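Respectively, the protein sequence lines represent chains A and B. Sequential numbering of the first sequence, starting at 1, is according to our numbering. Sequential numbering of the second sequence, starting at 1001, is according to our numbering. Note that beta-carbon positions come from the ideal geometry of N, C-alpha and C, so glycine has one too. Since this is a predicted model, take the numbers as computed values, not measurements. Have a look at the structure below before the remarks.
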Amino acid sequence: GAGVSQTPSNKVTEKGKYVELRCDPISGHTALYWYRQSLGQGPEFLIYFQGTGAADDSGLPNDRFFAVRPEGSVSTLKIQRTERGDSAVYLCASSLTHARQGARDTQYFGPGTRLTVL
Amino acid sequence: AQSVTQLDSQVPVFEEAPVELRCNYSSSVSVYLFWYVQYPNQGLQLLLKYLSGSTLVKGINGFEAEFNKSQTSFHLRKPSVHISDTAEYFCATFTGGGNKLTFGTGTQLKVEL
Chain A
1 GAGVSQTPSN KVTEKGKYVE LRCDPISGHT ALYWYRQSLG QGPEFLIYFQ
51 GTGAADDSGL PNDRFFAVRP EGSVSTLKIQ RTERGDSAVY LCASSLTHAR
101 QGARDTQYFG PGTRLTVL
Chain B
1001 AQSVTQLDSQ VPVFEEAPVE LRCNYSSSVS VYLFWYVQYP NQGLQLLLKY
1051 LSGSTLVKGI NGFEAEFNKS QTSFHLRKPS VHISDTAEYF CATFTGGGNK
1101 LTFGTGTQLK VEL
């Protein structure tokens, strides 16, 4: 079956521009997560959705970052007024459930979107 | 808050040699620990995880890890590595009430001939 997919794979933009990053989770997965991985670092949590609602957005760095999941499947991470410090790989993951239930909570990651802000 | 520390940023090893990648955790509550692997230009893949029960956890690709409560460690081991094991390895734990993963800084495993 298809895994988590993310588009685009690479995005180059200029400082101050607006960008959207898309994530298609595994079919049937109710939980969806966004992480950001800066060069030489481990991924850092941004936000997660259970269904359509953002259950925890405590990792979003500021109000320039926003994410939606209107139909409980595809999610879009939106970044306004991009800054050079936003350059990173943005990873999306999904799991069957958000609850800690053994195999059902395993997070499956997409290949990421590499964002470069010039 | 729960966190993990990976002590080695790079580990070079010759093919067919054993390897251990170190991870220490800090937590006073129930512990969920994971090892993920990231191959170049690919997403993270789960190698193994510890939730409870047996302290020796076996994962994919011949890797295993041992949960050691007294040393607060969860080191990853493989008895004989292959060139194809060259990748970045991340230790991680759940943080908070949900399933947010908190990752270590990663260990780059480089397998040489």
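is_contact[residue i, chain B] using C-beta, thresh 9 Å
{"i": "Tyr-108 (chain A)", "result": "yes"}
{"i": "Val-4 (chain A)", "result": "yes"}
{"i": "Phe-45 (chain A)", "result": "yes"}
{"i": "Ala-54 (chain A)", "result": "no"}
{"i": "Leu-32 (chain A)", "result": "no"}
{"i": "Pro-111 (chain A)", "result": "yes"}
{"i": "Asp-105 (chain A)", "result": "yes"}
{"i": "Leu-120 (chain A)", "result": "Limits of chain A in this structure are 1 at one end and 118 at the other, which puts residue 120 (chain A) out of reach."}
{"i": "Ala-93 (chain A)", "result": "yes"}
{"i": "Tyr-90 (chain A)", "result": "no"}
Residue-level contact to chain A via CB, residue i, 9 Å cutoff
{"i": "Lys-1049 (chain B)", "result": "yes"}
{"i": "Asn-1061 (chain B)", "result": "no"}
{"i": "Thr-1071 (chain B)", "result": "Per the sequence shown, the amino acid found at residue 1071 (chain B) is Gln instead of Thr. Answer no: the Cβ-Cβ gap between Gln-1071 (chain B) and chain A never drops below 9 Å."}
{"i": "Thr-1093 (chain B)", "result": "no"}
{"i": "Tyr-1025 (chain B)", "result": "no"}
{"i": "Gln-1045 (chain B)", "result": "yes"}
{"i": "Leu-1101 (chain B)", "result": "yes"}
{"i": "Asn-1041 (chain B)", "result": "yes"}
{"i": "Phe-1074 (chain B)", "result": "no"}
{"i": "Phe-1067 (chain B)", "result": "no"}
Own chain, CB closer than 8 Å to residue i, minus 5 neighbours either side, in chain order
{"i": "Ser-75 (chain A)", "result": "Arg-22, Cys-23, Pro-25, Leu-32, Trp-34, Phe-49, Ala-67, Val-68, Arg-69 and Cys-92"}
{"i": "Gly-3 (chain A)", "result": "Ile-26, Tyr-108 and Gly-110"}
Under 9 Å between C-beta atoms of residue i and residue j
{"i": "Leu-1021 (chain B)", "j": "Phe-1034 (chain B)", "result": "no"}
{"i": "Phe-1067 (chain B)", "j": "Val-1031 (chain B)", "result": "yes"}
{"i": "Thr-7 (chain A)", "j": "Gly-72 (chain A)", "result": "no"}
{"i": "Gln-1017 (chain B)", "j": "Ser-1080 (chain B)", "result": "Checking the sequence shown, residue 1017 (chain B) turns out to be Ala, not Gln. Contact flag set, yes."}
{"i": "Gln-107 (chain A)", "j": "Leu-1113 (chain B)", "result": "no"}
{"i": "Pro-1012 (chain B)", "j": "Lys-1110 (chain B)", "result": "yes"}
{"i": "Gly-1043 (chain B)", "j": "Gly-110 (chain A)", "result": "yes"}
{"i": "Gln-1045 (chain B)", "j": "Thr-1107 (chain B)", "result": "no"}
{"i": "Ser-95 (chain A)", "j": "Asn-1099 (chain B)", "result": "yes"}
{"i": "Pro-15 (chain A)", "j": "Thr-113 (chain A)", "result": "Contrary to the premise, residue 15 (chain A) reads as Lys rather than Pro in this sequence. No, these two residues do not count as a Cβ contact at 9 Å."}
{"i": "Asp-86 (chain A)", "j": "Leu-115 (chain A)", "result": "yes"}
Limits of the beta strand (DSSP E) - the one that residue i falls within
{"i": "Ser-9 (chain A)", "result": "Here Ser-9 (chain A) belongs to no beta strand (DSSP E), and DSSP marks it neither H nor E."}
{"i": "His-1082 (chain B)", "result": "Looking at the DSSP string, His-1082 (chain B) is not in any beta strand (DSSP E), and its letter there is neither H nor E."}
{"i": "Pro-1012 (chain B)", "result": "1010-1014"}
{"i": "Ala-2 (chain A)", "result": "Ala-2 (chain A) -> no beta strand (DSSP E), and no H or E assigned at all."}
{"i": "Gly-53 (chain A)", "result": "53-56"}
{"i": "Asp-24 (chain A)", "result": "19-24"}
{"i": "Tyr-90 (chain A)", "result": "88-95"}
{"i": "Asn-1068 (chain B)", "result": "1064-1068"}
{"i": "Glu-1112 (chain B)", "result": "1107-1112"}
{"i": "Tyr-48 (chain A)", "result": "44-50"}
{"i": "Cys-1091 (chain B)", "result": "1087-1095"}
{"i": "Tyr-1050 (chain B)", "result": "1044-1050"}
{"i": "Tyr-1036 (chain B)", "result": "1033-1038"}
Other residues of its chain near residue i: CB distance less than 6 Å, five sequence neighbours each side excluded
{"i": "Arg-36 (chain A)", "result": "Glu-44, Leu-46, Ala-88 and Tyr-90"}
{"i": "Lys-1078 (chain B)", "result": "Val-1019, Gly-1062 and Phe-1063"}
{"i": "Val-1004 (chain B)", "result": "Cys-1023, Tyr-1025, Cys-1091, Thr-1093 and Gly-1104"}
{"i": "Tyr-1050 (chain B)", "result": "Leu-1033, Val-1057 and Phe-1067"}
{"i": "Glu-1088 (chain B)", "result": "Gln-1038, Gly-1106 and Gln-1108"}
Cβ neighbour criterion (16 or more within 10 Å) applied to residue i
{"i": "Ile-1060 (chain B)", "result": "exposed"}
{"i": "Gln-1006 (chain B)", "result": "buried"}
{"i": "Val-117 (chain A)", "result": "buried"}
{"i": "Phe-1074 (chain B)", "result": "buried"}
{"i": "Thr-1055 (chain B)", "result": "exposed"}
{"i": "Gln-82 (chain A)", "result": "Gln is not the amino acid found at residue 82 (chain A); the sequence shown has Thr there. Buried."}
Same chain, Cβ closer than 7 Å to residue i, five either side skipped, listed in chain order
{"i": "Gln-80 (chain A)", "result": "Tyr-18 and Arg-64"}
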